Amino acid sequence: LDRLDDPFFKPEADFEKSGQYPAGTVFIEGLVPYKGKWYLYYGCADSFVAVAVRNHQ
C-alpha cells in the first residue's frame with residue numbers, strides 16, 4: 009500500500025460537507041468495474057453512503 013501526496017477524491021458537494029467536520033469528509037469503501045464503468049462507493053460526512061461513476065478509459 010502507498011499514499012498519494014495530494015488527494016484525488018475530496019468533499020465538494022453540500023451533502024459531503026454536512027457532517028461534524030466543516031471541511032467535509034469522504035472515505036472510499038470500494039471500487040467495482042461493471043459494464044464498462046467504474047463504480048466508486050464512498051462514505052461522506054460521517055452520515056451518508058454515495059457512489060461516483062466513471063467510464064473505463
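One gets the numbering used here by counting positions in the sequence shown from 1 and adding 8 to each. Note that the Cβ used here is the ideal one computed from N, Cα and C, for glycine as well. All figures in this text were calculated on a predicted structure; none of them were measured in a lab.
Contact with chain D by residue i, beta-carbon distance below 8 Å
i	result
residue 25	Of the protein chains in this structure there is only one, and it is not chain D.
Local Cβ density within 10 Å of residue i, reported as buried at 16 or more and exposed below that
i	result
residue 21	exposed
residue 24	buried
Cβ-based neighbour list, residue i, same chain, cut-off 6 Å, excluding 5 preceding and 5 following
i	result
residue 64	44
residue 40	47
residue 29	none
Residue nearest to residue i in terms of C-alpha spacing, selected from the options
i	options	result
residue 34	51, 47, 40	51
residue 42	27, 29, 60, 28	60
Cut-off 8 Å between Cβ atoms - residues of its own chain near residue i, not counting five sequence neighbours on either side
i	result
residue 19	25, 31, 32, 33, 34, 52, 53
Contact set for residue i: own chain, Cβ-Cβ below 7 Å, skip 5 residues either direction
i	result
residue 37	49, 50, 51
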